[in-house]
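Peer 1: When you line the sequence shown up against our numbering, it's residues 2 to 324, in that order. Quick one: this structure, given as structure tokens, is what I'll be asking you about.
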Amino acid sequence: MASNSYETGRLNLPFVGICTFGKYPYQPDWDAIDADVAILGAPFDCGTQWRAGTRFGPRSIREASTLFSFGHGGAYDHEDDVTYLPSGAVSIVDIGDADIVHTDTMKSHANIEFGVRKILAAGALPVVLGGDHSVNIPCINAFAEDCAKNGPIHIVQIDAHLDFVDERHGVRYGHGNPMRRAAEKPYVSGLSQLGIRNVSSTAKEGYEDARKMGSDILSVRQIRALGTQAVAERVPAGARYYVTIDIDGFDPSIAPGTGTPSHGGFIYYEVLEILSALTKRGTVVGIDLVEVAPDYDHSGSTSILAAQVLMNLIGRVMHAKAT
Numbered sequence: 002m003a004s005n006s007y008e009t010g011r012l013n014l015p016f017v018g019i020c021t022f023g024k025y026p027y028q029p030d031w032d033a034i035d036a037d038v039a040i041l042g043a044p045f046d047c048g049t050q051w052r053a054g055t056r057f058g059p060r061s062i063r064e065a066s067t068l069f070s071f072g073h074g075g076a077y078d079h080e081d082d083v084t085y086l087p088s089g090a091v092s093i094v095d096i097g098d099a100d101i102v103h104t105d106t107m108k109s110h111a112n113i114e115f116g117v118r119k120i121l122a123a124g125a126l127p128v129v130l131g132g133d134h135s136v137n138i139p140c141i142n143a144f145a146e147d148c149a150k151n152g153p154i155h156i157v158q159i160d161a162h163l164d165f166v167d168e169r170h171g172v173r174y175g176h177g178n179p180m181r182r183a184a185e186k187p188y189v190s191g192l193s194q195l196g197i198r199n200v201s202s203t204a205k206e207g208y209e210d211a212r213k214m215g216s217d218i219l220s221v222r223q224i225r226a227l228g229t230q231a232v233a234e235r236v237p238a239g240a241r242y243y244v245t246i247d248i249d250g251f252d253p254s255i256a257p258g259t260g261t262p263s264h265g266g267f268i269y270y271e272v273l274e275i276l277s278a279l280t281k282r283g284t285v286v287g288i289d290l291v292e293v294a295p296d297y298d299h300s301g302s303t304s305i306l307a308a309q310v311l312m313n314l315i316g317r318v319m320h321a322k323a324t
């Protein structure tokens with residue numbers, strides 16, 4: 002029987018203490034990462050085309066994640082009859098943030114890539130808190146050596162926008178470019194781009210290019226018509242998945258705190274069901290969640306949603322690994 006940590010010490014309620022992710026231990030030494038999962042913040046938003054503010058995303062997600070830190074010996078889900086993230090069985094550390102150099106995209110991206118490489122070298126699952134979606138570019142760059150050893154990755158994207166712009170006014174590394182940059186990598190086997198809808202930042206030619214380069218693109222309406230299980234079954238089975246979640250993939254009625262909200266988005270369980278199915282279909286080897294801009298949502302609901310999605314996804318990834 003899992004026990005509560007406060008039975009042997011302090012109560013340590015969620016609103017008490019330091020806001021690491023889930024109030025898991027802080028590990029500032031990136032050469033001493035010893036955990037199953039390592040959380041890295043990437044508070045970069047210089048790739049933003051409209052409303053800035055996602056530099057505060059990692060801090061807000063961490064604070065929101067303390068809601069789920071009641072000290073229970075794991076998180077019991079009665080629908081699945083599974084206790085996820087059982088204490089003593091899954092180790093998670095928060096390694097802080099990559100160093101961001103204001104206005105310097107390439108240096109900031111290099112610092113994010115360095116952090117992800119350190120996590121992979123330690124054999125841990127990297128979970129990156131953005132930041133705008135351009136932070137996905139260094140995250141995928143960091144997998145070059147890992148993929149050379151372990152095989153390619155398939156990217157599963159939850160998003161309102163295709164993010165497949167090649168170049169616009171000389172910009173190739175903004176938050177409209179990451180999926181194009183990923184598709185160019187020889188170790189990216191394909192992309193499943195889910196939730197794409199409405200007026201897009203990518204022109205028709207970008208959609209055509211994406212499909213030519215191995216993308217399967219589905220809108221929220223198409224996914225609802227197919228059903229979440231059928232959608233998961235379109236993702237190549239037995240692959241290594243990198244999951245990138247843009248919070249604007251969710252409907253702004255539940256996730257208003259983002260720079261480019263797009264109505265007609267996912268509700269919570271639709272995304273959870275797709276992600277849960279993925280953990281049983283293949284192996285999730287990397288995660289990022291981006292575009293949380295807390296100043297546009299004074300209720301804090303967007304940050305709580307981000308933390309809840311990550312907690313549930315990490316729990317299911319670790320459960321699948323153990324079974």
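Ideal placement from N, C-alpha and C gives every residue a C-beta, glycine not left out.
For S216, which residues of its own chain have a beta-carbon under 6 Å away from its beta-carbon, when the five flanking residues on both sides are left out?
Peer 2: Within the sequence shown, numbered from 1, the residue matching residue 216 stands at position 215. Excluding sequence neighbours, S216 sits near L192 and Q194.
Peer 1: Taking buried to mean at least 16 other C-beta atoms within 10 Å of its own C-beta, is H103 buried or exposed?
Peer 2: By 1-based counting over the sequence shown, the position of residue 103 is 102. It is exposed - the Cβ of H103 has fewer than 16 other Cβ atoms within 10 Å.
Peer 1: Taking Cβ positions, are V91 and D35 nearer each other than 8 Å?
Peer 2: The residue given as residue 91 occupies position 90 in the sequence shown. The residue given as residue 35 occupies position 34 in the sequence shown. Not closer than 8 Å, so no.
Peer 1: Starting from the Cα of Y27, find the closest Cα among S263, D98 and Y85 and give me that residue.
Peer 2: Translated into positions along the sequence shown, residue 27 becomes position 26. Closest by alpha carbon: D98.
Peer 1: Rounding to the nearest angstrom, what Cα-Cα distance links I197 and N178 in this structure?
Peer 2: Here residue 197 refers to the residue found at position 196 when the sequence shown is read from its first residue. Here residue 178 refers to the residue found at position 177 when the sequence shown is read from its first residue. If you take the alpha carbons of I197 and N178, they lie about 15 Å apart.
Peer 1: So what's V285 in DSSP terms, helix, strand or just coil?
Peer 2: Working through the sequence shown from its first residue, we reach residue 285 at position 284. If DSSP states are grouped into helix, strand and coil, V285 belongs with the strands.
Peer 1: Only counting the same chain, and skipping five residues up and downstream in sequence, which positions put a Cβ closer than 6 Å to that of V129?
Peer 2: Position 128 of the sequence shown, counted from the first residue, corresponds to residue 129. Counting only Cβ-Cβ distances below 6 Å, and skipping sequence neighbours, we find L41, A43, C140 and D289.
Peer 1: Identify every run of the alpha helix (DSSP H) within the region 189-221, keeping only runs that are complete inside it and at least 4 residues long; order them along the chain.
Peer 2: For the region 189-221, whole alpha helix (DSSP H) runs of length 4 or above, ordered along the chain, are 205-213.
Peer 1: From H320 to K281, what distance separates their C-alpha atoms?
Peer 2: Within the sequence shown, the letter at position 319 stands for residue 320. Within the sequence shown, the letter at position 280 stands for residue 281. Computed Cα separation, rounded: 9 Å.
Peer 1: May I ask which residues mark the beginning and end of the alpha helix (DSSP H) holding G58?
Peer 2: The count along the sequence shown starts at 1 and reaches residue 58 at position 57. Note, G58: alpha helix (DSSP H), G58 to S66.
Peer 1: Can you say whether R169 is buried or exposed, counting buried as having 16 or more other CB atoms within 10 angstroms of its CB?
Peer 2: Position 168 of the sequence shown, counted from the first residue, corresponds to residue 169. R169 is exposed by the Cβ-count criterion.
Peer 1: What are the start and end residues of the alpha helix (DSSP H) that includes I141?
Peer 2: In the sequence shown, counting from the first residue as 1, residue 141 sits at position 140. N137 to N142 is the extent of the alpha helix (DSSP H) around I141.
Peer 1: In three-state terms, what does DSSP make of L273?
Peer 2: Counting from one through the sequence shown, the residue named residue 273 turns up at place 272. DSSP places L273 in helix when its eight states are reduced to three.
Peer 1: Write down the C-beta distance between G132 and G207 rounded to the nearest angstrom, noting that I regard them as a contact closer than 8 Å.
Peer 2: Counting from 1 along the sequence shown, the entry for residue 132 is found at position 131. Counting from 1 along the sequence shown, the entry for residue 207 is found at position 206. That pair is no contact at about 22 Å.
Peer 1: For the region 144-154 against the region 170-189, do three or more pairs of beta-carbon atoms, one drawn from each stretch, fall closer than 8 Å, so that the two count as touching?
Peer 2: They touch, by the three-pair rule.
Peer 1: Are T106 and Y174 touching if we call contact CB-CB under 8 Å?
Peer 2: Stepping through the sequence shown from its first residue, residue 106 is reached at position 105. Stepping through the sequence shown from its first residue, residue 174 is reached at position 173. For T106 and Y174, yes; Cβs fall inside 8 Å.
Peer 1: With a threshold of 6 Å on Cβ separation, who are the neighbours of D247 within its own chain once the five nearest residues in sequence on each side are excluded?
Peer 2: Sequence index remark: in the sequence shown, residue 247 carries index 246 (1-based). Correct list, in chain order: H134, D160, V291 and E292.
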